[in-house]
Structure formats: C-alpha cells, structure tokens
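Have a look at the structure below before the remarks.
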Amino acid sequence: MAILVLAEHVDGRLEETTHSAVTAARLLGRDVHVLVMACETQGETLSQQAASIEGVTRVWSVAAPHLETQLTEDMAAQAQALLERGGYRYALMSSSYKGKRVMPYLAALRNTDLVTDLTKIEGEDTFVRPVYAGSLLVVERLKSAVKLLSIRASAFPPSGSQTPAAPIETWEALPPRCAVRCLERRRKSALRPKLSRARIVIGCGLGVEKKDMPDIEKLADKLGAAIGVTRAVVEEGIATSDYLLGQTGKIIAPELYIAIGISGAVQHLAGIKDSKVIVAVNKDPSAPIFQIADYGIVGDVGEIVPALIELV
Amino acid sequence: MKILVPIKRVIDPSFKVRLKPDHSGLDMAYMRMVMNPYDEAALEAALQLKEQGLATQVLTVSCGTDDCLETLRTALAMGADEALLVEARYAMSPLVVARLLKAVAVREGCGLVLIGRQGMGNDGNQVGAMLAALLGWPCLPFAETLTIEGTNVRTRCKTDHGSEVLEATLPTLVVVEIGLAAPRYVSMPNLMKVKKQKIPAVAAETLGVDMEMGVAVVQLRSPPERSRGVMLPDAATLIERLRTETRII
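As given, the protein sequences belong to chains A and B, one line each in that order. Under the numbering used here, think of the first position of the first sequence as 1, with each following residue one higher. Under the numbering used here, think of the first position of the second sequence as 1001, with each following residue one higher.
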C-alpha cells in the first residue's frame, strides 16, 4: 500500500513543503507517490523535480490548462479520482494555505475525518498536533482505511534528492469544475527570504517604532534574514498580515529567531517557539519573552539594533 | 437571501490553557468563554451585507451544549436576526459538525455561508472547506475582502505567496480571515434586549445526519517547555555568543 503526497508548487518550482511532506510520508511507509497537478507548460519539469526527491517511488503527472489556478475543487477532485483507483493508505500535504483548503475539501468528498497540522507521527493511525497556540498537544487516532493528513512543514526536515529519479506516469485530467473563477493573483514582493524558509527571522513587536524600521531592515539584509511581526504591529497598520507570526499567522521554526520589542504573548509564541535559538531584545526585564529566550538583552531597541548592524 | 453564520464557542484566546493535574482534560477553572474571533468577523461581515441591502436575514447557529446559548445571545445582541442551537452533549469531529451545518443550511434555505477559518484553540481549519464540499457549493477560502454584485460573490483571498481575487456565483461559501471585518461593539442595552429571547434548539440526532466520528482524541499532553536562557549585557556579547555557541551567524 502506498502513500500519496499532493505536490505544491509556485512559478514552476516545487515548494519545499512538498519535500517535507515526502519526509513525513517516508515515516509512514516505503512506497511514496507524488501527485503533481499543473498547467501543461509546467507539468513536465515539476514532475521531474518531484521524481528527484529522495524516497519518491512514483510520480503521477496531471497537466491541464485549468490546473494553473490550483483551485480547491479541481485539486480535490483530481486527488479523489486517484485515491478511488485504490492502493493508497494515506494521502497528505503540508498545512499551508493551499493544504488548509484542499485537504478538508478532499476529506469531505471522501466522507472521512482528517488530522490537520500534525507535528509528529506516533503510529500508523496516531498523530500529534499542537492546540491552544501550542500550549497543549493533542494525540488523535484516525479510523478511516485511507488516512488523510496535513503536516506542519517546519516539523519535518525536507527530503534531499535522489538519482536515478522515480518513474513518471501521466494521469488523465478531469474536466474543470468551474465553480470558482480566479480573476487576479498578486505576489508580494520577495526582496528578502520567505518567512517560512528563512534560516534567520527577525520578529518586531510594538517596542519597535516606525523610525526603527530602516535599521531593522538593514540588520535583516546583513543577516540574510526574513522579517515578521506580531498581531499588534499589524493592527497598528505598520505591516500587513502577510508578515504576521503566531497562532493566527505563520508558524515558523528557523535556526535563529531574534525577537525585538516583543513582550511574548502566548499567541505570538505559538508561531516561533520551535525556533532552534531564540534571542530577545526588550526594554522591559519582566517581559515574558525572556522566559523562553536562549539569550536576552534588556535595553533600548534604538541603541541595540544599530550596535548589532555594526557587529555582524 | 439568508446568510448562515456558524458560531463556535471557544476559550478566550488570551487565557493560557492548562491540563488538569491528572491529564484527563482541560482545567476549565477561571477560563472565560467567548465567540470565536474568526466567527465574530464572519458575523460582522454578514451584518454589513444585510445593512447594504444585499441580504435579508442573518442566521447564526452553534453546535454543542446549551452553554452555547450565551454565545448565540451575544450574536443576537450584535444584530443577528435568528439563532439556532444544534444540541449535542459531546464534542463532535469537524466532519460531523460540517454534516450538521449542511442540514441546517439546506433546511433554512440559506444562499450564503460565512464561516471563520478556524476555531481558535483547536485551530483545525477544517469545517469551512468540508461544508462547501458537502453542499457542493463553491469555496472562497481565506477571504480578506468580500463584495457581492447581483449573484456574483467576489473575495480577495490570502494565499501562501500573497493573495488572489476569486469569484463565484451564489450559493457560495466564504471562509473568513480574521481581518475581514472588525466586529462591532455589543452595547449593554442590546444585550439586555435579547436576554430573555427564546433561542430555538434542535437535537443533533434529529437532523438525520451520520453522527459517526472518524477521529478520536487519545490523549492530551503538555509540550516540552523551553527553558530560560541567559541574560547578556550588550550587543557585542550577544554576537560573540551566537558565533561561538550556535555557529548560526
């Protein structure tokens, strides 16, 4: 029995979340298939990329013009058709925005429950996921014959590459569902590394004033770091929710997280507490962030950030 | 058009949740319950559509014990026209909740569902997309804006790399991001007005849906705690320690 991974891609490249999903799949069994759904011009190269991920044993390539927009209804129906064919014990994807819409939709098509955003596989039907902003872990058991899962990508290191590549087979595209029309797609400018992929992330809280932002950006550029913010900063209108870290935003686990002017509300900590090393800079020595930081400095953001720029 | 807004009653997200000493469940002492903030945004958006003359009725529904009546009453005080309790004495899986909500949406003849992206706390992100699939309606996920023109529903939706504008024809389901609409203040006089209002309840078992759950909670656990590190005097010491001890920079 095989495991099906639903591939995610952007701009003709597989997303690293797919490599993480393959890692999770390999913990569940040896026969790992990847389903690549793409437009005709990208299907081939994406399938080749998927076939070269370590541990993948087969790639199903589905290419059709309407798959370019990656709509929920089309992706779920396509995956359902492949699962109906039989031979699968699991289907999984990362719990990205895409995974958060496609997997529950697919589960309802199959009339099964699923476990979302799991961080640990404890057995063939038993999975662990964080709840209450990471204050607790819940262990859940799935009963269905084909188990549907979404995984938190940051909890599973991405799989490497393999040669020779796995065989690629084409699978027929279903006709478009046409339920939803995509009118426009907007990408945010990518001057810095993506939050979900950056090795180093600088987080800004309300202790960072607007006048400090140019220095924060200078420090980020010197470190090759991404910048994230707390909900309070989004509510102040200083940054958009694209940069939000925490329970209601992105959940990351970089090698180094530098929390600047962040007090450390539980909702924010939910997004960053799996970082390997946490540094906190705050003028309030009693800020809760210091309870979980590996290194802390009590001091003024306007003095410490320029000093850091000089030193790195 | 009638809009359905499912409402979940959740632990106030600003409270730190703990396990009972015997790990048998959550320690609910001193916890405050509130309307799920995502559903609050969905309800506010529904009320605004009604005020713009784009909807005639806003129906709120909760699935759970009669504790949910308090939350539904808050919804009525915000301006919802109707509230309905689907009564169940135990926690249900997301798919069972989606089945119950489908039964309500069909029975009540709703033309639009606005539902919060996730229940704060459980953070499952499941019921919205499931309900769309069960209804066979278009799913507009993670909406940050919402406009309706004629029978066209248009939303700007959050994606992994930015956003996209999606459009669908009614009937439609919209999964709501927290920023879609800032919920209005519930005034004391409005709360008093709905205090005695009778909220109808139906037993979940009477809605004719499959109540079998495909997922079971085996255990609740506390995560390993991060231990407190060291306080450093200045930026120079920090960079020195990061270089020698972590080798990340």
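Backbone N, C-alpha and C fix where the C-beta goes; we use that ideal spot for every residue, glycine too.
query: Close Cβ partners of Pro1037/B (< 7 Å) along its chain, the five nearest in sequence each way excluded; result: Pro1013, Met1120, Ile1178
query: Local Cβ density within 10 Å of Tyr132/A, reported as buried at 16 or more and exposed below that; result: buried
query: Ser161/A (DSSP reduced to helix, strand or coil); result: strand
query: Residue(s) in a DSSP beta bridge with Trp60/A; result: Leu35/A, Glu169/A
query: Cα-Cα separation, Leu137/A to Ala270/A; result: 12 Å
query: Below-9 Å beta-carbon distance, Ala1181/B vs any chain A residue; result: no
query: Length of the line joining the Cα atoms of Leu46/A and Val1194/B; result: 57 Å
query: Closer than 9 Å to chain A by CB, Lys1008/B; result: no
query: Any C-beta of chain D under 9 Å from that of Val10/A; result: Reference to chain D is not applicable here, since the protein chains of this structure are A and B.
query: The beta strand (DSSP E) enclosing Asn1190/B, as first and last residue numbers; result: Here Asn1190/B belongs to no beta strand (DSSP E); instead the alpha helix (DSSP H) covers 1188-1194.
query: C-beta contact flag for Val1209/B and Leu1112/B at 9 Å; result: no
query: Chain B contacts from the region 90-101 of chain A (Cβ-Cβ distance under 7 Å); result: Ser96, Tyr97, Lys98, Lys100, Arg101
query: C-beta neighbour in chain B for Pro213/A, strict 9 Å; result: A small fix is needed here, since residue 213/A is Met in this sequence, not Pro. Taking Cβ atoms only, chain B never reaches closer than 9 Å to Met213/A, which makes this a no.
query: Of the residues Glu40/A, Ser263/A, Ser95/A, the one placed nearest Ser196/A, counting alpha carbons only; result: Ser95/A
query: Ala1250/B, enclosing beta strand (DSSP E) - first and last residue; result: This structure gives no information on residue 1250/B, because the portion of chain B shown stretches from 1001 to 1249.
query: Host alpha helix (DSSP H) of Ile1115/B (start-end); result: It is not in any alpha helix (DSSP H) - Ile1115/B instead sits in the beta strand (DSSP E) that spans 1112-1116.
query: Cβ of Ser196/A within 9 Å of any chain B Cβ; result: yes
query: Three-state secondary structure (DSSP) of Tyr1090/B; result: coil
query: Continuous alpha helix (DSSP H) stretch holding Arg110/A: start and end; result: 97-110
query: Leu223/A to Val1058/B span [Cα, whole Å]; result: 51 Å
query: Alpha helix (DSSP H) segment containing Met1130/B, residue limits; result: 1127-1135
query: Segment contact, 8 Å Cβ cut-off, at least three pairs: the region 237-252 of chain A with the region 211-228 of chain A; result: yes
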